[in-house]
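All remarks here apply to the structure that follows.
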Amino acid sequence: MGASEAAGGGGASLADLTVVATEAGAFIAPLPFVDHAVTTRLLDTVNACDDGMLAGTTIVGLALCPAIDGIARTVPSGAAAHRVVAIDGDRLVLDRPVDNPSAGHLANHGCLPLAHRDLTGAEVVASGPDALAKHARAVDEWRTLTAATLVGIARSAVDLGVAYVMERKQFGRPIGSFQAVQHQLADLPGLVDGAGLLTSKAAWAGDRATV
Numbered sequence: 200m201g202a203s204e205a206a207g208g209g210g211a212s213l214a215d216l217t218v219v220a221t222e223a224g225a226f227i228a229p230l231p232f233v234d235h236a237v238t239t240r241l242l243d244t245v246n247a248c249d250d251g252m253l254a255g256t257t258i259v260g261l262a263l264c265p266a267i268d269g270i271a272r273t274v275p276s277g278a279a280a281h282r283v284v285a286i287d288g289d290r291l292v293l294d295r296p297v298d299n300p301s302a303g304h305l306a307n308h309g310c311l312p313l314a315h316r317d318l319t320g321a322e323v324v325a326s327g328p329d330a331l332a333k334h335a336r337a338v339d340e341w342r343t344l345t346a347a348t349l350v351g352i353a354r355s356a357v358d359l360g361v362a363y364v365m366e367r368k369q370f371g372r373p374i375g376s377f378q379a380v381q382h383q384l385a386d387l388p389g390l391v392d393g394a395g396l397l398t399s400k401a402a403w404a405g406d407r408a409t410v
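In structure tokens, the structure reads:
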């Protein structure tokens, strides 16, 4: 949905995608929405976003750091994406399709779909300073949408906490009636709202940035 309408996408702005990412986080949606949305936007800028990517049948991900010895390391969605975009030297490359990306999953405490990706035979979609600038912008967008996802998770965590202290009882009373518990919860909504506002401002600024 982040690719342009001219390319066949939804034409969503970064601010629009932030709203979706927040809701995806609130429900802990098990899909690489952020990575796919950001990467299709990047590929759209170099006319390399195909129909499968637009339809979501081909999942694409973004390597955040430059490749080392031809390997894109610890790609956030590397164990879920069929193809990955990375910086290799001064080239923006799209790796070869992988039918079973989960085979390379790296064990981690967060159970995230991390994986290294081999860039041997990768397709060069852009090169030079322009390629580096486009990738840097995509990384910024990834950070913004990841922050939005975390805001959604935090919002749901607060809601669950409030619901729990209203039903859990101690000494014959809901524990939410005790000031010690109330004080710990009272500041959380403001902190979450503040994080949401900062994320929205980052998206607003990102929509107005130029490469």
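Following our numbering, the numbering of the sequence shown begins with 200 at its first residue and continues without gaps. Cβ coordinates follow ideal geometry from the N, Cα and C atoms, glycine included.
* Tell me the start and end of each unbroken beta strand (DSSP E) in the region 319-345 that is at least 3 residues and wholly inside, in chain order. => Within the region 319-345, the runs of beta strand (DSSP E) at least 3 residues long that lie entirely inside it are, in chain order, 322-326.
* Proximity test, residue 288 beta-carbon vs the ligand PLP heavy atom, cut-off 6 Å -> Of the ligands one can find in the structure shown there are none, so the ligand PLP has no counterpart to examine.
* **Nearest candidate by alpha-carbon position, reference residue 302, set 312, 294 and 236** => 312
* Give the secondary structure of residue 397 by DSSP, where H, G and I count as helix, E and B as strand, and everything else as coil. => helix
* Asked: Looking only at its own chain, which residues have a Cβ that is under 8 Å from the Cβ of residue 374, when we skip the five neighbours before and after it?
  -> Once the five neighbours on either side are set aside, the close Cβ partners of residue 374 are 364, 367, 368 and 380.
* To do: Rounded to whole angstroms, what's the CA-CA distance from residue 289 to residue 338? Just pull it up for me.
  => Between residue 289 and residue 338, the C-alpha separation is close to 16 Å.
* Asked: When the Cα of residue 385 is compared with those of 372, 233 and 361, which residue comes out closest?
  -> 361
* **residue 345 beta carbon less than 7 Å from that of residue 219** => no
* Compute the distance between the beta-carbons of residue 401 and residue 348, then report whether it is under 7 Å. => no
* To do: To the nearest angstrom, report how far apart residue 391 and residue 350 are at their CA atoms.
  => Separation of residue 391 and residue 350 (C-alpha to C-alpha, rounded to the nearest whole angstrom) is 6 Å.
* **Euclidean distance between Cα positions of residue 398 and residue 217** => 8 Å
* To do: Would you decide whether residue 286 is buried or exposed? Buried here means 16 or more other CB atoms lie within 10 Å of its CB.
  => buried
* To do: Measuring alpha carbon to alpha carbon, tell me which of 239, 376, 359 and 335 ends up nearest residue 405.
  => 335
* Would you call residue 204 buried or exposed, if buried means 16 or more other Cβ atoms sit within 10 Å of its Cβ? -> The residue is exposed, with fewer than 16 neighbouring Cβ atoms inside 10 Å.
* By how many angstroms is the C-alpha of residue 268 removed from the C-alpha of residue 328? -> 20 Å
* Collapsed DSSP secondary structure at residue 287 in the structure displayed -> strand
* Under a three-way DSSP split, which group does residue 273 fall into? -> strand
* Asked: Among the residues of its own chain, which have a CB less than 6 Å from the CB of residue 207, if the five just before and after it don't count?
  -> 253
* **Option in 222, 322, 291 and 238 with minimal Cα separation from residue 277** => 238
* Asked: Using the C-alpha atoms, what's the distance from residue 221 back to residue 229?
  -> 13 Å
* **Distance, residue 382 Cα to residue 376 Cα** => 10 Å
* To do: With a cut-off of 8 Å on the beta carbons, I'd call residue 315 and residue 270 a contact; round off their distance for me.
  => The Cβ separation is near 5 Å, so the contact holds.
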